[in-house]
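Participant: Every letter in the sequence shown is one number past the one before it in our numbering, and letter 310, counting from 1, is 312.
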Amino acid sequence: MKITTTIFTLLFSTTLLFAQTPVQSYFEWTDLPFSMEELHERRQKLMSILLEQQKNGLVVIPANDGFSFGETFRQSDDFYYFTGLELPNSLLVLDLSDQSSIIYTPERDLRFENGSRVNDFPGMLLLNDKAISERSGVTLTSIAEFTTRMNKEALKGSTILINNGRQGLISFASNDYIASYSPIQVLLKALQQKHAGLNYENIFESIANVRMIKSPGEIEIMRKAAAITVEGIKQSAKKIKAGVDERYLEGILEGNYKVNGSQRLAFGSIIKSGPNSHWPWRILATHYNRRNRIMENGDLVIFDVGCEYEQYVSDIGRTFPVSGKFTDRQRDILVMETKIADEIIKFLKPGITFKDIQTLTNSIIPEDAKKYMQVGLFFGHHLGLSTGDPSLSDAQLQPGMIFTVEPWYYNHDENISVFTEDMILITKNGCEVLSSDLPRTPEALEALMKG
C-alpha cells in the first residue's frame with residue numbers, strides 16, 4: 003500500500019510538472035508600436051528641450067497600475083509615448099546629468115501569477131526579460147532600487163521634473179475623504195511623504211512641445227483611427243429613424259469600430275437627440291440611464307464620437323435629421339455652422355496660433371448666432387494618445403500637429419443644436435482633413451442616411 007501511494011504521488015507530481023505552462027515572455031504578447039530609434043529620439047528631444055531651458059534633475063514618469071478592472075490594461079500616455087512599453091507599475095527616469103534612461107520595474111508581472119491556478123497563470127518575467135531592454139533601448143532595473151535612489155536624491159535636494167497634466171504649479175493629492183487621483187498625484191504624494199528634501203517642477207509645457215508634433219508613424223495610426231470612426235458613423239447613420247433610441251445607435255457604431263480593428267473607445271460615445279442634443283456630455287452623463295432617449299421625427303441627432311486604435315484616438319462629429327430630411331431652419335443653421343468650419347480650415351497653416359483661430363472665428367460668426375456659440379479657445383483641441391493631448395494655446399502651428407475643428411451651435415431657445423467636428427493635420431503648406439470621407443453638407447448627410 004505504501005509503495006502504491008508513493009508511485010501515485012510521483013506520477014501526480016510528474017503530471018503537474020509537465021502540465022505547467024511555460025513562463026511567457028513580454029514580446030509573446032505584444033510588440034513595440036514604434037522603432038527603438040524613434041522612441042530614443044523622443045526621449046532625447048525632451049531632455050534637449052529641458053537642457054536648453056537650463057533645467058537639472060530627474061524626469062520621473064509613472065506607468066499605470068497593472069490591474070485591469072474589467073478593461074484591458076492601458077498604459078499611461080507619457081510612459082507609453084517615451085518607451086512604447088506596456089509594463090505595469092513601473093517608473094521611467096530620465097537623468098539630465100548624463101542623459102540616461104532607466105525603467106524601474108517589478109521583477110514579475112503579477113497579472114500572470116495565481117498560486118491556486120498555476121497551470122492557467124504561467125508567470126511573466128519583466129526585470130530579467132533581456133529582450134525588453136534590447137528591443138526598447140532602455141535599461142531595466144529593480145523597482146526596489148527606486149527607493150534607494152530617491153533617498154540619495156533627497157539628501158542632495160535634487161529636483162524631480164514631472165508632468166502635472168496642465169500648466170501651473172505642481173498640485174499634490176489632497177486630504178479629501180473621497181477623491182480620484184492620477185498616477186502622477188499618487189507618485190507625488192509618495193515622494194513627498196517618503197523622501198523629504200526633494201524639490202518639484204512642472205514640465206507640462208516641455209512635454210507638450212514634444213507630443214504636439216506627430217511623427218509619420220503616429221500620423222498613419224491616427225489616419226486609421228479616423229477612417230474607422232468615419233465608417234462607424236456611416237453605418238450607424240443608416241439606422242437613424244423615429245422609434246430608435248440613442249443607445250441602439252451607439253451599439254451599431256461601437257460594434258463597427260471593433261469589426262474594423264479598434265481596441266476601445268476614445269471616450270464614451272456621445273449620441274444625443276432632440277432636447278438631449280443641447281446639453282454637454284458631462285451633464286448627460288450625470289445620471290446613469292440618461293442617454294437612451296427614443297428619437298422622434300423632427301429631432302436632430304448629434305454624433306460626437308471617436309475610437310482608439312493602437313492607443314491613438316479619433317474625435318469626429320456630425321448632425322443628422324431623424325426624419326431623414328432637415329427642415330428649412332435646421333438646414334440654414336447647419337449651413338451657417340459648416341461655413342464657419344470651412345473658413346477655419348481654409349485659414350489653417352503653419353505659423354498661426356489657436357488664438358489667431360479664435361480671433362478669426364469670432365469675426366465670422368453672425369451676430370445673431372454668437373450667444374449660441376461662445377466657446378473661448380475650444381473651437382478645437384489637440385489629439386494624439388488622448389482627446390486632450392498636451393498642447394499650448396500660444397504655440398505656433400507646425401506640420402505634424404493634429405487637432406479638431408468643431409464650431410458648435412447650441413440653441414435652447416429654438417430647440418435646435420448642430421455640431422460638426424473634423425480631424426485636421428497641419429501640413430507643410432496648409433492642412434489635410436483626415437475625416438474628409440464623411441459627408442458634411444445637408445444634402446450629402448441626407449443621402450448617407452438612405453444608404
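A virtual CB, placed ideally from N, CA and C, is assigned to each residue, including glycine.
If you draw a straight line from the alpha carbon of residue 450 to that of residue 232, how long is it in whole angstroms?
Facilitator: Roughly 12 Å separates the two Cα atoms.
Participant: Can you tell me the Cα-Cα spacing of residue 420 and residue 89, whole angstroms?
Facilitator: Answer to the nearest angstrom: the Cα atoms are 42 Å apart.
Participant: Which full runs of the alpha helix (DSSP H) of 4+ residues lie inside the region 323–353, going along the chain?
Facilitator: You should have 330–349.
Participant: Could you check where the alpha helix (DSSP H) with residue 211 kicks off and where it finishes?
Facilitator: First-last of the alpha helix (DSSP H) with residue 211: 206–213.
Participant: Look at the Cβ atom of residue 106, then the Cβ atom of residue 147, and state whether they are nearer than 9 Å.
Facilitator: Contact: yes.
Participant: Closest by CA to residue 360, which one among 373, 370, 346?
Facilitator: The shortest Cα separation from residue 360 among 373, 370, 346 belongs to 346.
Participant: Whole angstroms are fine: how far does the CA of residue 321 sit from the CA of residue 276?
Facilitator: Rounded to whole angstroms, residue 276 to residue 321 spans 11 Å at the Cα level.
Participant: State buried or exposed for residue 334, treating a residue as buried only when at least 16 other CB atoms are found within 10 Å of its CB.
Facilitator: That one is exposed.
Participant: Nearest CA to the CA of residue 227: which residue from 26, 445, 388, 31?
Facilitator: Per the Cα distances, 388.
Participant: Considering Cα atoms alone, identify which of 329, 121, 175, 23 is closest to residue 445.
Facilitator: Among 329, 121, 175, 23, the Cα nearest to that of residue 445 is on 329.
Participant: Determine, using beta carbons only, whether residue 268 and residue 185 come nearer to each other than 9 Å.
Facilitator: No, the pair does not count as a contact, with Cβ atoms beyond the cut-off.
Participant: Could you tell me if residue 15 is buried or exposed, where buried requires 16 or more neighbouring beta carbons within 10 angstroms of its beta carbon?
Facilitator: At residue 15, the pLDDT of 49 sits below 50, so the modelled position is not reliable; the number obtained from the coordinates is stated separately. Label assigned to residue 15: exposed.
Participant: Taking 8 Å as the threshold, find out whether the region 370–381 comes into contact with the region 201–214 through three or more Cβ pairs.
Facilitator: With a cut-off of 8 Å, the region 201–214 and the region 370–381 do not count as touching, because too few Cβ pairs lie within range.
Participant: So what's residue 425 in DSSP terms, helix, strand or just coil?
Facilitator: DSSP places residue 425 in strand when its eight states are reduced to three.
Participant: Between the region 303–321 and the region 234–254, do three or more beta carbon pairs fall short of 8 Å?
Facilitator: Output reads yes: the region 234–254 touches the region 303–321.
Participant: Here's the rule: buried if 16 or more other CB atoms are within 10 angstroms of the residue's CB, otherwise exposed. What is residue 410?
Facilitator: Label assigned to residue 410: buried.
Participant: Let me make sure I understand the geometry here. Which of 415, 362, 104, 310 has the alpha-carbon closest to that of residue 259?
Facilitator: Comparing Cα-Cα distances from residue 259 to each of 415, 362, 104, 310, the minimum goes to 310.
Participant: By Cβ distance below 8 Å, which residues in the same chain neighbour residue 10 in space, the five residues on each side in sequence not counted?
Facilitator: Confidence is the limiting factor: at residue 10 the pLDDT is only 47, short of 50, which leaves the residue's position unreliable and the question unanswerable from this model.
Participant: Do residue 408 and residue 422 have their C-beta atoms closer together than 9 Å?
Facilitator: Cβ distance < 9 Å, so residue 408 and residue 422 count as in contact.
Participant: Does DSSP put residue 398 in a helix, in a strand, or in coil?
Facilitator: The answer is coil: DSSP assigns residue 398 none of H, G, I, E or B.
Participant: At which residues does the beta strand (DSSP E) containing residue 358 begin and terminate?
Facilitator: Here residue 358 belongs to no beta strand (DSSP E); instead the alpha helix (DSSP H) covers 356–366.
Participant: Distance, Cα to Cα, residue 155 vs residue 112?
Facilitator: Going by the C-alpha atoms only, they are around 29 Å apart.
Participant: Taking residue 147 as part of the alpha helix (DSSP H), name the residues at either end of that continuous run.
Facilitator: Its alpha helix (DSSP H) spans residues 146–158.
Participant: Does the beta-carbon of residue 29 have 16 or more other beta-carbons within 10 angstroms, so that it is buried, or is it exposed?
Facilitator: That one is exposed.
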